[in-house]
Amino acid sequence: MRLDETWKYLSPTKIVFGVHAFESLKKYVLELNIPKKILLVTGLSSMRRFGYVDVCKRMLYDKSLYIFDQIKPNPTVDDLQQAIQFLKASEAELVISLGGGSVLDAGKILAAMATNHEPLEDYLSGKKSLENKPLPFIAIPTTSGTASEVTCWATLWDMEQKKKFSLSHPWMFPDYAIIDPQLTVHMPPQTTAVTGLDAMTHAIESCWSKSSQPISDAFALHAIRLIRKNITTAYNEPDNLEARTNMSLASLFAGLAFNNTKTAACHSISYPMTIHFDIPHGLAVSITLKEVIQFNNQAIPQKIQQIVEAFDSDSLESFVKDMPKLMQSIGLPIRLRDLDLKESDLETIVQESVNPDRMKNNPVELSYKDISQILTNIY
Ligand SMILES: [Fe+2]
944 MRLDETWKYL SPTKIVFGVH AFESLKKYVL ELNIPKKILL VTGLSSMRRF
994 GYVDVCKRML YDKSLYIFDQ IKPNPTVDDL QQAIQFLKAS EAELVISLGG
1044 GSVLDAGKIL AAMATNHEPL EDYLSGKKSL ENKPLPFIAI PTTSGTASEV
1094 TCWATLWDME QKKKFSLSHP WMFPDYAIID PQLTVHMPPQ TTAVTGLDAM
1144 THAIESCWSK SSQPISDAFA LHAIRLIRKN ITTAYNEPDN LEARTNMSLA
1194 SLFAGLAFNN TKTAACHSIS YPMTIHFDIP HGLAVSITLK EVIQFNNQAI
1244 PQKIQQIVEA FDSDSLESFV KDMPKLMQSI GLPIRLRDLD LKESDLETIV
1294 QESVNPDRMK NNPVELSYKD ISQILTNIY
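Whatever position you read off the sequence shown (first residue = 1), add 943 for the working numbering.
Here it is as structure tokens:
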């Protein structure tokens, strides 16, 4: 850090972390002083199947609990419209999300739309900004990757128009993040792999972003170490609570880093991969890490050295080999050709790969030619 640099750090969400922390949900609902009506948001079926919806019902037996369990992965604007109607009819005073990143993002949007005038599209397009504080919101993640429980952003998708929307506002930080590693043991290995690599990419990109600062760096570097040491065990032994706890911690630390710095080039390049070719987010962001790090090394070699060391590689050259090896060890492809992409598809990704907000945050601003080279190298 330069001596003349000023930085600030903000993270207003109250964090409750621990195995069985979920079972204290009632305590935090009471702290929020909610009179009666609560909306519980979950995904399609798994939370019911594992009995967690029943646990919520039992804990909140003296409240009116309305359950919306129709949130799909990568939710669309239409999906949210349906949820908004349900929310308005319930007259809920608190929103609780229990699920993966999509469920958490949906809950944030619902809490905001409960107190602000529709239509949702006006906020997504940037035509309007939130005028009223959202309803209180409690986020309970069941994956360890997006860290939506400690960020103020929510993502929606329009798969027909091939667009990604983001809604963000400092009011959208959850009031509470209740992180219980026990809830993550049901994650299938493929989800463990891609969400874990999403967290790894949050940490690495936060560290090399132009807006990095000492607090975010401390969180990010520790997250890289924890994921490197634990992701393979979490993938191979889903019930290993120590590995799950370390992955939950790592995802949280990465979130506490990038909620202040935002992400950079790898996230920017990933969006068209997901929109056009359905590549899971965590894979789409991490598959370019080994290429982007070589560009960024030209501008910030000392910072890259810290990332390489946290990843437990001997040198940048080793990192470039070690990262794909780690991905392969958890069942992920490392080449775009293995994802059913044709070489002619690369141009579609290149054309939509510059998300100005993300790309400007990268220490080296990549040109379309650079991005084309990156994608060709990993084809
Ligand atoms: Fe991400």
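The beta carbon of each residue, even a glycine, is placed where N, CA and C say it ideally should be. Note that the structure is predicted; figures quoted are calculated from it, not measured.
Counting only residues of its own chain and dropping the five nearest sequence neighbours on each side, Thr1058 has a CB closer than 7 Å to the CB of Asn1075, Lys1076, Pro1077 and Leu1078. Put simply, the backbone Cα of His963 is about 12 Å away from that of Val1128. Within a 10 Å sphere around the beta-carbon of Gly1139 sit 16 or more other beta-carbons, which makes this residue buried.
A distance below 8 Å between beta-carbons, with the five flanking residues on each side excluded, links Pro1132 to the following residues of its chain, in chain order: Tyr1178, Asn1179, Pro1181, Ile1273 and Gly1274. For the 8 Å CB-CB criterion, Leu1282 and Ile1222 form a contact. It is roughly 24 Å from the alpha-carbon of Ser1040 to the alpha-carbon of Ala1166. In the displayed model, Thr1291 falls within a helix according to three-state DSSP. Taking C-alpha positions only, Met1302 is separated from Leu987 by approximately 34 Å. Judged by beta-carbon spacing, Met1270 lies within the 8 Å limit of Ser1229, meaning their Cβ atoms are closer than that value. Judged by their CB atoms, Ser1111 and Asn1304 are not nearer to each other than the 8 Å cut-off. Remark: three or more beta-carbon pairs, one from each stretch, lie closer than 8 Å, so the stretch 1184-1203 and the stretch 1117-1128 are flagged as touching. For Thr1138, the distance from the CB to the nearest heavy atom of ligand 1 is not below 7 Å.
Shown here, Pro1084 sits in a strand according to DSSP, grouped into three states.
Straight across, the Cα-Cα distance linking Phe1220 with Thr1206 is about 21 Å. Leu1073 and Trp1114 do touch by the CB rule: their CB atoms are close to 6 Å apart, below 8 Å. For Leu1067, the enclosing alpha helix (DSSP H) covers residues Leu1063 to Leu1067. Here Glu1064 is near Val1020, since their CB atoms are less than 8 Å apart.
Gly1044 and Pro1084 have their C-alpha atoms spaced approximately 7 Å apart. Look at the beta carbons and you see the stretch 966-986 touching the stretch 1007-1026: at least three pairs across the two are nearer than 8 Å. Residue Gln1237 holds the alpha-carbon nearest to the alpha-carbon of Val1307 among Gln1237, Glu1260 and Trp950. With respect to Gly1225, Val1137 sits close: the two C-beta atoms are nearer than 8 Å. When Lys1268, Asn1320, Leu973 and Ser1256 are compared, the shortest CA-CA separation from Phe1080 is found for Leu973. Inter-segment contact for the stretch 1099-1111 and the stretch 1157-1176 is absent: fewer than three beta-carbon pairs are separated by less than 8 Å. The criterion of a C-beta distance shorter than 8 Å is not satisfied by Tyr1214 and Thr956. When C-alpha distances from Tyr1004 are compared across Ser1261, Gln1249 and Leu968, the shortest belongs to Leu968.
Less than 8 Å separates the beta-carbon of Ala1146 from that of Ala1200. Per DSSP, reduced to three states, the secondary structure at Ala1242 is coil, with no helix or strand assignment.
Within the stretch 1113-1163, the complete beta strand (DSSP E) segments of 3 residues or longer fall at 1119-1122, listed in chain order. Under the DSSP definition of a beta bridge, Ile981 partners with Leu1008 and Leu1037. Taking the Cα positions, Ile1250 is about 12 Å away from Lys1233. According to the DSSP assignment, Ala1090 belongs to no alpha helix (DSSP H), since it is labelled neither H nor E.
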